[in-house]
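Student:
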Amino acid sequence: MQEIVNDIANSMARETERGQVADYIPELAAIDPNQFAISIALPNGEVYSAGCAQKPFSIQSISKVFSLTLALGKIGDNIWNRVGREPSGDPFNSIVQLEHEHGIPRNPFINAGAIAVVDAIMMGHQPKESLAEIIQFVRYIADDNSIGIDEKVALSELATTHRNASLAHFMKSFGNIEHDIDKLLGVYCHQCSIAMSCEQLAKSGLFLVSDGMNESSGYRVVSAQRARRINSLMLMCGHYDGSGEFAYRVGLPGKSGVGGGILAIAPGKASIAVWSPGLDKIGNSKLGTLALERLVEHTGWSVF
Ligand SMILES: NC(=O)CC[C@H](N)C(=O)O
Numbered sequence: 001m002q003e004i005v006n007d008i009a010n011s012m013a014r015e016t017e018r019g020q021v022a023d024y025i026p027e028l029a030a031i032d033p034n035q036f037a038i039s040i041a042l043p044n045g046e047v048y049s050a051g052c053a054q055k056p057f058s059i060q061s062i063s064k065v066f067s068l069t070l071a072l073g074k075i076g077d078n079i080w081n082r083v084g085r086e087p088s089g090d091p092f093n094s095i096v097q098l099e100h101e102h103g104i105p106r107n108p109f110i111n112a113g114a115i116a117v118v119d120a121i122m123m124g125h126q127p128k129e130s131l132a133e134i135i136q137f138v139r140y141i142a143d144d145n146s147i148g149i150d151e152k153v154a155l156s157e158l159a160t161t162h163r164n165a166s167l168a169h170f171m172k173s174f175g176n177i178e179h180d181i182d183k184l185l186g187v188y189c190h191q192c193s194i195a196m197s198c199e200q201l202a203k204s205g206l207f208l209v210s211d212g213m214n215e216s217s218g219y220r221v222v223s224a225q226r227a228r229r230i231n232s233l234m235l236m237c238g239h240y241d242g243s244g245e246f247a248y249r250v251g252l253p254g255k256s257g258v259g260g261g262i263l264a265i266a267p268g269k270a271s272i273a274v275w276s277p278g279l280d281k282i283g284n285s286k287l288g289t290l291a292l293e294r295l296v297e298h299t300g301w302s303v304f
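As structure tokens, this is what we get:
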């Protein structure tokens, strides 16, 4: 396994087409695109890494898997009254479907859906408490108390989050948002600015590998049925309008973020995190996807 990740990291270092870093969040625009990391966490606790796998990066939309899991724990299937479970086929920050579908976002992984999920998590709490709850949950599933938020990224994102504010206001006009929009976006942007290394991220996905149980820490995070369902959403919606392409090339449930990270789950086998900041046109990590494609070729881990 170590040889496989070393080979992948070496071949990624030679790639010249590395994509473009996200430039709509100023703090992310400044990241060096020549970085790459991969970590594979196995249920028995072993972790195999190559590249800068201990360097924290902005997990961005990967956090949406964790907030969905938390919201399901808090309000169960009621979350599905506020957000759907279908691929959108549209960019992650698109507003067009919201009008036709009366303010109910297609799925919890596009921005509108994730904002509605955060709104649900905030019910009955001050924004700071909700944020603390989200961070605490991520630390719990990764079994790592050192995970925190990159405040500079959060503030940079908050200052430029006009599109997300539009999505939130639009949903509020349909009655699908309860909280004050500024407070809601404060929590959402901070959640997206959680910083994790590939090693931490790979470990955080272990509960989705083993039927809801993190076998390495011994924590039962969700039921087996819920783990299967979260994986199905990641497969169908985790890469926005690139979800079909990701399923075709990699064949694993996965969730990307505009920080250049991807968390991919090989059920029963491993949790894999990759990071390379350059994105393709859709906003998914270009080399991250390529690295996962190579990994699946080597291991046969595709679910198909
Ligand atoms: N695709 C992403 O990672 C987008 C998340 C980002 N925080 C945003 O709201 O625009």
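Sequential numbering from 1 applies to the sequence shown in full-length UniProt numbering. Where is the CB? At the ideal position from N, CA and C, for every residue including glycine. The structure displayed is predicted, hence computed values, not measured ones.
What is the chain-ordered set of residues for which the beta carbon lies under 6 Å from any non-hydrogen atom of ligand 1?
Tutor: Gln60, Ser61, Phe92, Asn93, Asn111, Glu157, Asn164, Cys192, Gly257, Val258 and Gly283
Student: How close, in whole Å, do the beta carbons of Thr289 and Arg249 come, if the pair is a contact with beta carbons under 8 Å?
Tutor: Residue 289 sits at position 289 when you count from the first residue of the sequence shown. Residue 249 sits at position 249 when you count from the first residue of the sequence shown. Rounded, the Cβ-Cβ distance is 7 Å, consistent with contact.
Student: In terms of residues, what are the limits of the alpha helix (DSSP H) holding Tyr140?
Tutor: The residue given as residue 140 occupies position 140 in the sequence shown. First-last of the alpha helix (DSSP H) with Tyr140: Pro127 to Ala142.
Student: Tell me which residue opens and which closes the beta strand (DSSP E) that Pro266 is part of.
Tutor: Against the sequence shown, residue 266 aligns to sequence position 266. The question names Pro, but residue 266 in the sequence shown is Ala. Run containing Ala266: Gly261 to Ala266, per the beta strand (DSSP E) assignment.
Student: Any chance the region 162-173 sits against the region 220-230, with 3 or more Cβ pairs inside 8 Å?
Tutor: no
Student: Taking all protein chains shown into account, decide if Glu157 is buried (16 or more other Cβ within 10 angstroms of its Cβ) or exposed.
Tutor: Counting from 1 along the sequence shown, the entry for residue 157 is found at position 157. Counting Cβ neighbours within 10 Å, Glu157 comes out buried, since at least 16 surround it.
Student: Is Glu199 near Ala50, with beta carbons less than 8 Å apart?
Tutor: On the sequence shown, residue 199 is found 199 positions in, with the first residue counted as 1. On the sequence shown, residue 50 is found 50 positions in, with the first residue counted as 1. For Glu199 and Ala50, no; Cβs fall outside 8 Å.
Student: Give me the residue from Glu17, Ile115, Val65 and Ile79 with the minimum Cα distance to Leu167.
Tutor: Walking along the sequence shown from the start, residue 167 turns up at place 167. For the residues Glu17, Ile115, Val65 and Ile79, the minimum Cα distance to Leu167 belongs to Ile115.
Student: Is the Cβ-Cβ distance between Phe109 and Gly260 less than 8 Å?
Tutor: Position 109 of the sequence shown, counted from the start, is the residue given in the question as residue 109. Position 260 of the sequence shown, counted from the start, is the residue given in the question as residue 260. Not a contact, by the Cβ cut-off of 8 Å.
Student: Give the secondary structure of Trp80 by DSSP, where H, G and I count as helix, E and B as strand, and everything else as coil.
Tutor: Taking the sequence shown and counting its residues from 1, one reaches residue 80 at position 80. Three-state result, Trp80: helix.
Student: Taking DSSP as the reference, what is the three-state secondary structure of Gly148?
Tutor: Along the sequence shown, read from residue 1 onward, the residue named residue 148 stands at position 148. DSSP places Gly148 in strand when its eight states are reduced to three.
Student: Roughly how many angstroms separate the alpha carbons of Ile104 and Asp143, rounded to a whole number?
Tutor: By 1-based counting over the sequence shown, the position of residue 104 is 104. By 1-based counting over the sequence shown, the position of residue 143 is 143. One C-alpha to the other measures close to 34 Å.
Student: Spell out the partners DSSP gives residue 305 in its beta bridges.
Tutor: As displayed, the chain neither begins before 1 nor continues past 304, which places residue 305 out of reach and without an answer.
Student: Per DSSP, what kind of secondary structure is Gln35 in: helix, strand or coil?
Tutor: Here residue 35 refers to the residue found at position 35 of the sequence shown. Note: Gln35 maps to coil in three-state DSSP.
Student: Just confirm the distance between the C-beta atoms of Gln191 and Ser88, as a whole number of angstroms; I'd bet it's less than 8 Å.
Tutor: Numbered from its first residue, the sequence shown carries residue 191 at position 191. Numbered from its first residue, the sequence shown carries residue 88 at position 88. That belief does not hold up - the Cβ atoms of Gln191 and Ser88 are roughly 20 Å apart, past 8 Å.
Student: Does the Cβ-Cβ distance between Ile79 and Leu72 come in under 8 Å?
Tutor: Taking the first residue of the sequence shown as 1, we reach residue 79 at position 79. Taking the first residue of the sequence shown as 1, we reach residue 72 at position 72. Inclusion of Ile79 and Leu72 in the CB contact set at 8 Å is warranted, their separation being smaller than that value.
Student: Where does Arg220 fall in DSSP's three states?
Tutor: For the purposes of this step, residue 220 is taken as residue 220 along the sequence shown, with counting starting at 1. In the structure shown, Arg220 sits in a strand (DSSP, three-state: E or B).
Student: What does DSSP give as the partner residues of Phe57 in its beta bridges?
Tutor: Here residue 57 corresponds to residue number 57 of the sequence shown, with the count starting at 1. Note: Phe57 sits in a beta bridge opposite Met196.
Student: Bridge partners for Val274 per DSSP, in chain order?
Tutor: On the sequence shown, residue 274 is found 274 positions in, with the first residue counted as 1. Val274 pairs with Ile38 and Ile262.
Student: Tyr48: which of Gln2, Ile230 and Ile75 sits nearest, CA to CA?
Tutor: If you number the sequence shown from 1, residue 48 lands on position 48. The candidate whose alpha carbon is nearest that of Tyr48 is Gln2.
Student: Give the range of the beta strand (DSSP E) segment to which residue 316 is assigned.
Tutor: Since the first and last residues shown for the chain are 1 and 304, residue 316 lies out of range.
Student: Please state whether DSSP places residue 344 in a helix, a strand or coil.
Tutor: Nothing about residue 344 can be reported from this structure: the residues present for the chain run from 1 to 304 only.
Student: In whole angstroms, what separates the C-alpha of Ile25 from that of Phe207?
Tutor: The sequence position of residue 25 within the sequence shown is 25, counting from 1. The sequence position of residue 207 within the sequence shown is 207, counting from 1. Rounded to the nearest angstrom, the two C-alpha atoms are 31 Å apart.
Student: Measure how close the beta-carbons of Ile262 and Ser256 come, nearest whole angstrom, since I'm counting them as under 8 Å.
Tutor: Counted from its first residue, the sequence shown places residue 262 at position 262. Counted from its first residue, the sequence shown places residue 256 at position 256. Contact flag correct, Cβ pair sits at about 5 Å.
Student: Rounding to the nearest angstrom, what Cα-Cα distance links Ser11 and Ile38 in this structure?
Tutor: Stepping through the sequence shown from its first residue, residue 11 is reached at position 11. Stepping through the sequence shown from its first residue, residue 38 is reached at position 38. When rounded, the distance between both Cα atoms is 12 Å.
Student: Measuring only the C-alpha atoms, how far is Leu252 from Glu129?
Tutor: Start at 1 with the first residue of the sequence shown, and residue 252 comes out as number 252. Start at 1 with the first residue of the sequence shown, and residue 129 comes out as number 129. Rounded to whole angstroms, Leu252 to Glu129 spans 34 Å at the Cα level.
Student: Taking the beta strand (DSSP E) that Gly254 belongs to, which residues open and close that run?
Tutor: Here residue 254 refers to the residue found at position 254 when the sequence shown is read from its first residue. Run containing Gly254: Gly254 to Ser256, per the beta strand (DSSP E) assignment.
Student: Tell me whether the beta-carbon of Ser193 lies closer than 8 Å to the beta-carbon of Ile149.
Tutor: Walking along the sequence shown from the start, residue 193 turns up at place 193. Walking along the sequence shown from the start, residue 149 turns up at place 149. Contact flag set, yes.
Student: Using only CA atoms, which one of Ile4, Ile40, Val5 and Gln35 lies nearest to Lys269?
Tutor: Translated into positions along the sequence shown, residue 269 becomes position 269. Checked all of Ile4, Ile40, Val5 and Gln35; the closest Cα to Lys269 is Ile40.
Student: Closest to residue 309 by C-alpha separation, out of Tyr140, Gln97, Ile75 and Leu68, would be which residue?
Tutor: Only positions 1 to 304 of the chain appear in the structure, and residue 309 is not among them; the question remains open.
Student: Among Gly278, Phe304 and Val118, which residue has its Cα nearest to the Cα of Ala13?
Tutor: Here residue 13 corresponds to residue number 13 of the sequence shown, with the count starting at 1. Among Gly278, Phe304 and Val118, the Cα nearest to that of Ala13 belongs to Gly278.
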